[in-house]
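Below is one structure, written out as structure tokens; the observations come after it.
Residue numbers (the numbering used here): 71 to 675.
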């Protein structure tokens with residue numbers, strides 16, 4: 071319960087208007103309910119003790135009881151109104167803050183967390199708090215204030231009954247609290263297993279094409295069945311706790327009521343208390359037992375909310391790995407150069423360096439290409455410029471200023487990136503392109519589409535042109551079409567630096583040639599970094615940087631590098647001659663390129 075209390079406190083403060091309304095109406099409701107019973111007590115005792123006709127007493131009492139009942143009805147209605155607004159408002163705020171926290175996190179965070187787990191926390195864990203926030207909290211308040219009112223009423227009428235009430239009822243509450251604390255791990259484990267099940271499902275649906283391409287459906291079913299079984303086992307344990315806790319708490323409650331009624335009946339026979347006192351005592355106990363029957367459900371709701379709070383707190387309290395430095399300023403633009411000074415990098419929780427002592431200067435308006443084998447560090451290098459990760463050693467500067475001196479948002483606004491993963495949102499082509507610049511008008515979107523060589527297929531092939539809705543990840547488009555739309559999305563931001571990370575790999579040669587022509591026009595005012603494994607994409611750049619094992623090993627124009635023995639020359643020879651079974655060992659300085667052919671009969675690949 072402590073974890074839930076700490077977690078929910080800021081949202082109680084945020085929605086204090088409805089929270090205070092609930093508390094105020096519950097206090098009044100408990101006061102009215104106790105006074106209704108005390109009035110019944112008074113009418114009975116007066117009727118028994120007064121010998122004259124009691125018609126007027128009954129009429130007066132009836133009017134007062136009806137009035138109190140109407141007041142109690144109105145208070146109950148108001149309390150429920152406040153509960154709904156408080157619970158829904160608090161859950162909306164929790165989802166808002168959780169989503170904002172995920173948006174603030176950097177790529178390092180998403181390399182450790184899975185989509186399934188995050189989905190479970192965002193939706194299911196927040197939903198688990200609904201019961202405690204909607205009705206659980208007002209039940210706690212009502213039982214608390216009714217208990218206080220009952221004790222005071224008993225103390226004024228029959229102190230000895232108040233003593234026994236004070237002795238028995240706290241025991242029931244103590245059992246509830248202890249059982250909640252003891253079973254918290256079971257409820258937390260259920261949420262964890264549910265997240266793992268979501269994780270498998272989300273990954274399978276995202277990669278369904280890969281699964282089918284390799285015929286891995288049976289293996290995926292086995293993986294899902296294992297996670298599904300783990301969740302079922304955890305859920306069964308939780309249900310077993312529920313099955314014992316709910317009737318167990320009701321049994322304890324009724325046992326306490328029976329004991330109190332037995333004591334009250336004995337005291338009535340001994341004339342220690344009046345008949346009216348005894349009837350009032352019965353009604354007070356019944357009054358508490360009505361919400362008290364929900365103690366078992368309340369215990370379950372508390373445990374579920376506590377487990378959900380722990381799951382949410384783990385994310386909400388996680389540190390944001392990359393933050394704006396104190397005193398950071400807005401980047402107004404890239405005017406001169408981008409400089410890498412002795413830059414090295416290794417991923418968090420790893421000592422293996424991906425980049426080693428990179429020294430590189432890129433002039434404004436220059437077009438450079440990065441070339442290297444898979445895992446050489448090309449994509450890592452470009453991810454350091456917008457500070458998706460921070461360098462482990464050295465500095466990256468823009469116009470002589472460390473990029474850490476600029477705010478992240480202003481830095482990234484001047485950089486347009488087309489990633490290898492050409493993700494498109496489930497919305498129109500127009501909105502996907504304008505995603506990079508929401509203030510863009512239709513003419514701006516069309517212009518960006520034309521530059522990216524996407525306009526023709528958008529207008530001619532799609533049913534509603536730029537208003538055509540595409541599916542998640544752009545599944546209704548071909549790979550080349552997706553790439554062109556994402557290029558348009560980057561261009562529309564009017565970036566100072568445009569980064570194309572293997573962005574032309576799915577584009578046909580004819581379209582690539584046209585796209586290079588339009589990009590040359592754009593590149594007159596824009597600095598450009600291209601990552602590609604296609605020689606045709608490298609010939610229009612000013613300079614090619616060859617990276618191998620995290621180091622710059624060659625640098626120069628296409629013609630310069632082609633004339634020198636080295637990785638680039640070997641790469642071009644391999645691609646242009648479509649040589650297969652190449653041994654990609656790094657050549658020596660004076661090595662004549664004669665690619666080693668593996669023997670296919672021996673299974674070379």
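Cβ atoms here follow ideal geometry from the backbone N, Cα and C, with glycine treated the same way.
No experiment lies behind these values; they were computed from the predicted model shown.
### Task
Go through its chain and collect everything with a Cβ distance to residue 537's Cβ below 8 Å, but skip five positions before and after it.
498, 499 and 500
### Task
Give the DSSP-derived three-state secondary structure of residue 431 in the structure shown.
strand
### Query
Quick one: complete beta strand (DSSP E) runs, 3+ long, within the stretch 393–456?
407–416, 423–433 and 437–441
### Query
Taking buried to mean at least 16 other C-beta atoms within 10 Å of its own C-beta, is residue 147 buried or exposed?
exposed
### Query
Per DSSP, residue 624 is paired with what?
616
### Query
From this set, 356, 524, 479 and 570, which residue's C-alpha is nearest residue 320's C-alpha?
356
### Query
Taking the continuous beta strand (DSSP E) assigned at residue 465, which residues delimit it?
463–468
### Query
Which whole-angstrom value is the C-beta distance of residue 375 and residue 198, which I expect to be below 8 Å?
6 Å
#### Entry: Residue environment, residue 502, which counts as buried when at least 16 other CB atoms sit within 10 Å
buried
### Message
So within the stretch 161–221, which uninterrupted alpha helix (DSSP H) runs reach at least 4 residues, ignoring any that extend past its ends?
### Response
177–180 and 185–189
### Task
State the Cα-Cα distance for the pair residue 587 and residue 607, rounded to the nearest angstrom.
11 Å
### Message
Considering only their Cβ atoms, is the gap separating residue 447 from residue 466 smaller than 8 Å?
### Response
no
### Task
With a floor of 4 residues, list each alpha helix (DSSP H) that falls wholly inside the stretch 476–552, ordered by position along the chain.
478–483, 499–504, 512–521 and 525–531
### Task
Taking 8 Å as the cut-off, decide whether the C-beta atoms of residue 11 and residue 385 are in contact.
Residue 11 is absent from the structure shown; the chain starts at 71 and stops at 675.
### Buried or exposed (CB count within 10 angstroms, at least 16 for buried), residue 540
buried
### Query
DSSP three-state call for residue 600: helix, strand or coil?
strand
### Task
Grab me the residues of residue 559's own chain with a C-beta within less than 7 Å of its C-beta, minus the 5 sequence neighbours each way, in chain order.
502, 503, 505 and 506
#### Entry: Between the CA atoms of residue 442 and residue 563 - distance to the nearest angstrom
28 Å
### Coarse secondary structure for residue 368, derived from DSSP in three states
helix
### Query
Quick check: the stretch 323–333 against the stretch 217–224, are there 3 or more CB pairs under 8 Å?
no
### Query
Do you know how far the Cα of residue 440 is from the Cα of residue 489?
14 Å
### Query
Are the Cβ atoms of residue 643 and residue 614 separated by less than 8 Å?
no
#### Entry: residue 633 beta carbon less than 8 Å from that of residue 612
no
### Task
List the DSSP bridge partners of residue 353.
None; residue 353 has no bridge partner.
### Query
Can you tell me whether DSSP reads residue 572 as helix, strand or coil?
coil
### Query
Using CA coordinates, which residue listed in 94, 601 and 177 is at the minimum distance from residue 142?
94
### Task
In the DSSP assignment, find the unbroken alpha helix (DSSP H) run with residue 27 in it and report its ends.
Within the shown structure, residues of the chain are numbered from 71 to 675, placing residue 27 beyond reach of any answer.
#### Entry: Inter-residue Cα distance where the pair is residue 436 and residue 426
23 Å
#### Entry: Contacting residues, own chain, Cβ-Cβ under 7 Å from residue 380 (five flanking each side not counted)
73 and 258
### Query
With distances taken between CB atoms, is the gap from residue 601 to residue 404 smaller than 8 Å?
no
### Query
If you drop the 5 nearest sequence neighbours on each side, which residues of the same chain put their C-beta closer than 8 Å to that of residue 112?
131 and 346
### Query
Roughly how many angstroms lie between the CA atoms of residue 163 and residue 82, to the nearest whole one?
10 Å
### Task
Give a yes or no on contact between the stretch 260–269 and the stretch 297–304, applying the rule of three or more CB pairs nearer than 8 Å.
yes
### Own chain residues within Cβ distance below 7 Å of residue 312, not counting five before or after
370
#### Entry: Closest Cα partner of residue 267 within the set 187, 314 and 387
187
### Message
Tell me the residue span of the alpha helix (DSSP H) that contains residue 606.
### Response
605–608
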